[in-house]
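Quick note: the first sequence uses my numbering, first residue 3, plus one each step.
Every residue gets a Cβ at the ideal spot worked out from N, C-alpha and C, and that includes glycine.
A quick note: this is a predicted structure, and the numbers were derived from the prediction, not measured.
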Amino acid sequence: MEINIILPDGSVKKLPAGTTVEELARSIGPGLARDAVAARFEGRLIGLAEPLEHGGHITILTFDDPEGRDVYRHSAAHVMAQAVKRLYPDARLGIGPAIADGFYYDFDIDEALTPEDLERIEAVMWEIVDEDTPFECIALEKDEALDLFEELDEEYKQEMIREMEEQGITAYKHGDFVDLCRGPHLPSTGRLKAFKLLSVAGAYWRGDEYRPQLQRIYGTAFDKQADLEQHLERLEQARLRDHRRVGRTLDLFSIHEEGGPGLVYWHPKGAVVRTAIEDFWRSAHRDRGYDLVYSPHIAKKELWATSGHLDTFQDSMFGSMEVDGGEYILKPMNCPFHILMYKNATRSYRDLPMRWAELGTVYRYERSGVLHGLLRVRGFTQDDAHIFCRPDQVEDEVVGVVRLAQYMLSVFGYTDYQIVLSVHDELESDKYIGTPEIWEEAETKLARSLDRMALDYEIDVGEAKFYGPAIDIKMVDALGRAWQGPTIQLDFNLPERFDLEYAGEDGHVHRPVMIHRTVLGSMERFFGGLIEHYGGAFPVWLAPVQAVIIPITDDHVEYAREIERDYAAHGIRVEVDDRNEKVGYKIRNAEVEKVPYMLVVGDREAEAETVSVRSRGEGEKGTVAYREFREDVLGEIEERSS
RNA sequence: GCUGACGUAGCUCAGUGGUAGAGCGCGUCCUUGGUAAGGACGAGGUCACGGGUUCAAUCCCCGUCGUCAGCUCCA
Numbered sequence: 003m004e005i006n007i008i009l010p011d012g013s014v015k016k017l018p019a020g021t022t023v024e025e026l027a028r029s030i031g032p033g034l035a036r037d038a039v040a041a042r043f044e045g046r047l048i049g050l051a052e053p054l055e056h057g058g059h060i061t062i063l064t065f066d067d068p069e070g071r072d073v074y075r076h077s078a079a080h081v082m083a084q085a086v087k088r089l090y091p092d093a094r095l096g097i098g099p100a101i102a103d104g105f106y107y108d109f110d111i112d113e114a115l116t117p118e119d120l121e122r123i124e125a126v127m128w129e130i131v132d133e134d135t136p137f138e139c140i141a142l143e144k145d146e147a148l149d150l151f152e153e154l155d156e157e158y159k160q161e162m163i164r165e166m167e168e169q170g171i172t173a174y175k176h177g178d179f180v181d182l183c184r185g186p187h188l189p190s191t192g193r194l195k196a197f198k199l200l201s202v203a204g205a206y207w208r209g210d211e212y213r214p215q216l217q218r219i220y221g222t223a224f225d226k227q228a229d230l231e232q233h234l235e236r237l238e239q240a241r242l243r244d245h246r247r248v249g250r251t252l253d254l255f256s257i258h259e260e261g262g263p264g265l266v267y268w269h270p271k272g273a274v275v276r277t278a279i280e281d282f283w284r285s286a287h288r289d290r291g292y293d294l295v296y297s298p299h300i301a302k303k304e305l306w307a308t309s310g311h312l313d314t315f316q317d318s319m320f321g322s323m324e325v326d327g328g329e330y331i332l333k334p335m336n337c338p339f340h341i342l343m344y345k346n347a348t349r350s351y352r353d354l355p356m357r358w359a360e361l362g363t364v365y366r367y368e369r370s371g372v373l374h375g376l377l378r379v380r381g382f383t384q385d386d387a388h389i390f391c392r393p394d395q396v397e398d399e400v401v402g403v404v405r406l407a408q409y410m411l412s413v414f415g416y417t418d419y420q421i422v423l424s425v426h427d428e429l430e431s432d433k434y435i436g437t438p439e440i441w442e443e444a445e446t447k448l449a450r451s452l453d454r455m456a457l458d459y460e461i462d463v464g465e466a467k468f469y470g471p472a473i474d475i476k477m478v479d480a481l482g483r484a485w486q487g488p489t490i491q492l493d494f495n496l497p498e499r500f501d502l503e504y505a506g507e508d509g510h511v512h513r514p515v516m517i518h519r520t521v522l523g524s525m526e527r528f529f530g531g532l533i534e535h536y537g538g539a540f541p542v543w544l545a546p547v548q549a550v551i552i553p554i555t556d557d558h559v560e561y562a563r564e565i566e567r568d569y570a571a572h573g574i575r576v577e578v579d580d581r582n583e584k585v586g587y588k589i590r591n592a593e594v595e596k597v598p599y600m601l602v603v604g605d606r607e608a609e610a611e612t613v614s615v616r617s618r619g620e621g622e623k624g625t626v627a628y629r630e631f632r633e634d635v636l637g638e639i640e641e642r643s644s
């Protein structure tokens, strides 16, 4: 019997029923046969050894397809698990999936694994690859599967099987290794060409901190050695750009054990960047009808009870202090303060929308293990704002915030971002406050705002806050990594709890809608991301030192000072490097410190009132009159060009 | 918070059961030089902190604090 197999280009292959995917690939071409990893047939992911029994659409997957890559890496995870079992026969298997840049496998092993152990495991993996044993799929009934993994003494696998359906359980076997697995896999272990084990860390079984902690080995795999090396090179590049490292070499910030973990000290140069960001932030907000406000750092415990933070956020709040017999708590959020200001007067529909923005410094107790440089800290300044508006204004306001976010991100050189609409999960209605109708309406409004701007977005079910749905924007940096950026959250909770009101056009009292939003997130986290995005080489408008003047000998220091005075008077951040060093040394020093412009001055320049311009990372740019160059720099600062 | 690794000069890191080293940086001096490191000399360390083992601990053991890789959680 012949079957019709339809290829992605629409062409049809007539083949005898029972032809395997591998045979199909070979019939198309030897290159595809060599590169094929798996296939998607009628929507189902299948292995190359699978016979095609009926006609249908097929896409043969290679490592270049995301799904093919996952199959490849998943097989690498199995090979790693087999290697671990050879070295540690008592190891129990957890799970071992492919992930974005590689794979991992969790093991329950009595002894702690070290980096040296990873090398040993890697060596055994290569032995397994050399053995080139085929992956075989075994279909099992549920009780057979239970028996098999009981015999193998794999308690975690048994737990997983017990939760599975009766039908369709499969295991994959290669050589002496069997693993519960949906598959598919590579045809054989010999197909693995390049892999590396990267790290080992603890991971809770099923992500539950009350269950046993397993040891997770991370690795990555590629189908070409060169690609693996390129990937490792990217990791190295990311390490070189790490904001903690750059922040130290550029003297931007520090964190002190003596002062307490997670608390950031902004050094003068870091503070210059922050000030530039904040000044820009303020003017961008004023331009869009925001009013700037300030609020205190502490408030009475009762306020946090009213806001509900005491119930939902207490574990993250820094302990109380007693003042005049009352209890005060350090603020973890700014919203209750803005609400008190809202309630300070009777509001009319004519007052709305009111947009109140504050660079508000908040403190949150974060568990010690999660602290990370500037990205996860215990004290941080949010670029917060709360918009109080009428229900009919929500869409316009949301559009306004998204536009503001787009504008600000583009100025900081983030041209690529992903938008996520975080909505509630109807199956977990007890997690949220408010009626289904309110949620439905709010989510529709957010979606409609995005649609109006013709923006693409993903919907993330269950990611809403307990008090309302949100739009989250993830910005993609120069290394292609996504960072949590702007977030816009609707809130049904606080207006209710604080009984917020406004007088409507109809003379009745109404409840305003409250929108919480940040554009940058927090100054700390945004700065950390920005450092990595630019690799420390800030554009001129942000650079701590915008130009360094380098006199060639002591004789030229006076001329250098003259330019310095002139530039500084025009607001350019300029320094003279008058140290007793050669030009080459000072140039190198300025390059390492990522100063955008180096202005070398000697006899020729002093004579003609010029500077010899050298641009960071680009080299010499020629000689221009120093006043002319000053205007160029001022223009660049004005434009905030990157 | 949990698991593991780590903590030596301002920084990056060697090193040893018998009181510690390099490079960079810093200081002084020489040198006055044209676009990514000129030379000489010098200062600088309670080897994270607290216990224990030992004749002797920076090194071995325990605890604490911190950092890192993750897990969990988040701006």
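- prompt: Would VAL521 pass as a contact of LYS476 if the rule is Cβ separation under 8 Å?
  reply: On the first sequence, position 519 is the one that residue 521 refers to. On the first sequence, position 474 is the one that residue 476 refers to. Going by C-beta atoms, VAL521 is not nearer than 8 Å to LYS476.
query: What three-state label does DSSP hand LYS144 in the structure shown?
result: The residue labelled residue 144 in the question sits at position 142 within the first sequence. Three-state DSSP puts LYS144 in a helix.
task: Under the assumption that TYR106 contacts ALA83 (Cβ atoms under 8 Å), give the Cβ distance between them as a whole number of angstroms.
output: What you label residue 106 is simply residue 104 of the first sequence in a count that begins at 1. What you label residue 83 is simply residue 81 of the first sequence in a count that begins at 1. With 8 Å as the limit, TYR106 and ALA83 do not qualify as a contact, their Cβ atoms being about 10 Å apart.
query: How long is the line joining the alpha carbons of HIS56 and GLU138, rounded to whole angstroms?
result: For the purposes of this step, residue 56 is identified with residue 54 of the first sequence, where counting begins at 1. For the purposes of this step, residue 138 is identified with residue 136 of the first sequence, where counting begins at 1. The alpha-carbon atoms of HIS56 and GLU138 are separated by roughly 22 Å.
message: Comparing C-alpha positions only, which one of GLN486, ASP119, LEU150, ASP178 sits nearest to PRO136?
response: For the purposes of this step, residue 136 is taken as the residue at position 134 of the first sequence. Of GLN486, ASP119, LEU150, ASP178, the residue nearest in Cα terms is ASP178.
message: Which residues does DSSP list as the beta-bridge partners of GLN486?
response: Position 484 of the first sequence, counting from 1, holds the residue named residue 486. In the DSSP output, where bridge partners are listed per residue, GLN486 has LYS476.
- request: Thinking GLN491 and GLY470 are a contact (beta carbons under 8 Å), I'd like their distance in whole angstroms, please.
  value: Against the first sequence, residue 491 aligns to sequence position 489. Against the first sequence, residue 470 aligns to sequence position 468. Between GLY470 and GLN491 the Cβ distance is about 6 Å, and since that is below 8 Å, they are a contact.
Inter-residue Cα distance where the pair is ILE300 and GLU460: Against the first sequence, residue 300 aligns to sequence position 298. Against the first sequence, residue 460 aligns to sequence position 458. Each residue's alpha carbon lies about 38 Å from the other.
field: Cβ neighbour criterion (16 or more within 10 Å) applied to HIS535
entry: Here residue 535 is taken as the residue at index 533 of the first sequence, counted from 1. Counting Cβ neighbours within 10 Å, HIS535 comes out buried, since at least 16 surround it.
field: Neighbourhood of LEU89 by C-beta, 7 Å cutoff - its chain only, sequence neighbours within 5 removed
entry: Within the first sequence, the letter at position 87 stands for residue 89. Cβ neighbours of LEU89 beyond the five flanking positions: ARG122, ILE123, VAL126.
message: Among ARG483, MET343, ALA147, GLU428, whose alpha-carbon lies nearest the alpha-carbon of PHE468?
response: Position 466 of the first sequence, counted from the first residue, corresponds to residue 468. The shortest C-alpha separation from PHE468 is found at GLU428.
- request: Counting only runs of 4+ residues fully inside the region 388–415, write out the alpha helix (DSSP H) ranges in chain order.
  value: 396–413
message: Can you give me the C-alpha to C-alpha distance between GLU153 and ILE171, rounded to a whole angstrom?
response: Against the first sequence, residue 153 aligns to sequence position 151. Against the first sequence, residue 171 aligns to sequence position 169. Going from the Cα of GLU153 to the Cα of ILE171 covers about 17 Å.
- prompt: What number of angstroms, rounded off, separates the C-alpha of MET356 from the C-alpha of ARG369?
  reply: By one-based count along the first sequence, residue 356 stands at place 354. By one-based count along the first sequence, residue 369 stands at place 367. MET356 and ARG369: Cα-Cα distance of roughly 36 Å.
query: The alpha helix (DSSP H) with TYR206 in it runs from where to where?
result: For the purposes of this step, residue 206 is taken as residue 204 along the first sequence, with counting starting at 1. Premise fails: TYR206 lies in the beta strand (DSSP E), 196–206, not in any alpha helix (DSSP H).
- request: Go ahead and label GLU4 buried or exposed: buried means 16 or more other beta carbons lie within 10 angstroms of its beta carbon, across all protein chains shown.
  value: Here residue 4 is taken as the residue at index 2 of the first sequence, counted from 1. The residue in question, GLU4, is exposed, as its Cβ has fewer than 16 Cβ neighbours within 10 Å.
field: Residue burial classification, ILE101 (beta-carbon count within 10 angstroms, cutoff 16)
entry: Walking along the first sequence from the start, residue 101 turns up at place 99. With fewer than 16 other Cβ atoms within 10 Å, it is exposed.
- prompt: Tell me which same chain residues have a C-beta within less than 6 Å of the C-beta of LYS447, skipping the five on either side of it?
  reply: Counting from 1 along the first sequence, the entry for residue 447 is found at position 445. Cβ neighbours of LYS447 beyond the five flanking positions: VAL396, GLU397.
- request: Using DSSP bridges, identify the partner residues of LYS467.
  value: Along the first sequence, one-based indexing puts residue 467 at 465. Bridge partners of LYS467: GLY470.
field: Neighbour-count burial assignment, ASP289, 16 or more Cβ in a 10 Å radius
entry: Working through the first sequence from its first residue, we reach residue 289 at position 287. So ASP289 ends up on the exposed side.
- prompt: Do the region 341–351 and the region 238–248 meet, that is, are 3 or more Cβ pairs less than 8 Å apart?
  reply: no
query: Taking just the CA atoms, how far does VAL266 sit from VAL413?
result: Position 411 of the first sequence holds residue 413. Position 264 of the first sequence holds residue 266. Computed Cα separation, rounded: 25 Å.
query: What does GLY185 pair with, by DSSP beta-bridge criteria?
result: As a working note, residue 185 is residue 183 in the first sequence. GLY185 pairs with nothing; no bridge assigned.
- prompt: Between VAL578 and TYR569, which are expected to be in contact by the criterion C-beta below 8 Å, what is the C-beta distance as a whole number of angstroms?
  reply: Within the first sequence, numbered from 1, the residue matching residue 578 stands at position 576. Within the first sequence, numbered from 1, the residue matching residue 569 stands at position 567. That pair is no contact at about 10 Å.
message: Measuring straight from C-alpha to C-alpha, what distance separates ASP253 and ILE551?
response: Position 251 of the first sequence holds residue 253. Position 549 of the first sequence holds residue 551. The straight-line gap from Cα to Cα measures roughly 20 Å.
message: Tell me the residue span of the alpha helix (DSSP H) that contains ILE279.
response: Locating residue 279 in the first sequence gives position 277, where the first residue counts as 1. Per DSSP, ILE279 belongs to the alpha helix (DSSP H) from 270–289.
task: Check whether the region 377–392 touches the region 349–365, counting contact only when three or more Cβ pairs, one atom from each stretch, lie closer than 8 Å.
output: yes
- prompt: Residue ranges of each alpha helix (DSSP H) run of no fewer than 4 residues wholly in the region 334–374, ordered along the chain?
  reply: 337–344
field: Proximity of GLY185 and GLY49 at Cβ, strictly below 8 Å
entry: As a first step, residue 185 must be located in the first sequence, where it is residue number 183. As a first step, residue 49 must be located in the first sequence, where it is residue number 47. Yes, the pair counts as a contact, with Cβ atoms nearer than the cut-off.
Reduced DSSP secondary structure (H/G/I, E/B, other) of MET319: Position 317 of the first sequence, counted from the start, is the residue given in the question as residue 319. In this structure, MET319 counts as coil in the three-state DSSP scheme.
query: What does ILE111 pair with, by DSSP beta-bridge criteria?
result: Locating residue 111 in the first sequence gives position 109, where the first residue counts as 1. Answer is none; ILE111 lacks a bridge partner.
message: Whole angstroms are fine: how far does the CA of ILE60 sit from the CA of LYS16?
response: What you label residue 16 is simply residue 14 of the first sequence in a count that begins at 1. What you label residue 60 is simply residue 58 of the first sequence in a count that begins at 1. Computed Cα separation, rounded: 13 Å.
- prompt: If you check the beta carbons only, do SER643 and PRO541 fall under 8 Å apart?
  reply: Position 641 of the first sequence holds residue 643. Position 539 of the first sequence holds residue 541. Going by C-beta atoms, SER643 is nearer than 8 Å to PRO541.
field: Sequence ranges, beta strand (DSSP E) only - wholly within the region 7–90, length at least 3
entry: 14–18, 38–43, 46–48, 58–64
query: Tell me, which residues are paired with MET516 by DSSP?
result: The residue you call residue 516 lines up with position 514 of the first sequence. Partner(s): PHE390, ASP493.
Backbone CA spacing between GLY589 and LYS596 [nearest angstrom]: Taking the first sequence and counting its residues from 1, one reaches residue 589 at position 587. Taking the first sequence and counting its residues from 1, one reaches residue 596 at position 594. Residue 589 is actually Ile in this sequence, not Gly. Those two C-alpha atoms are separated by around 10 Å.
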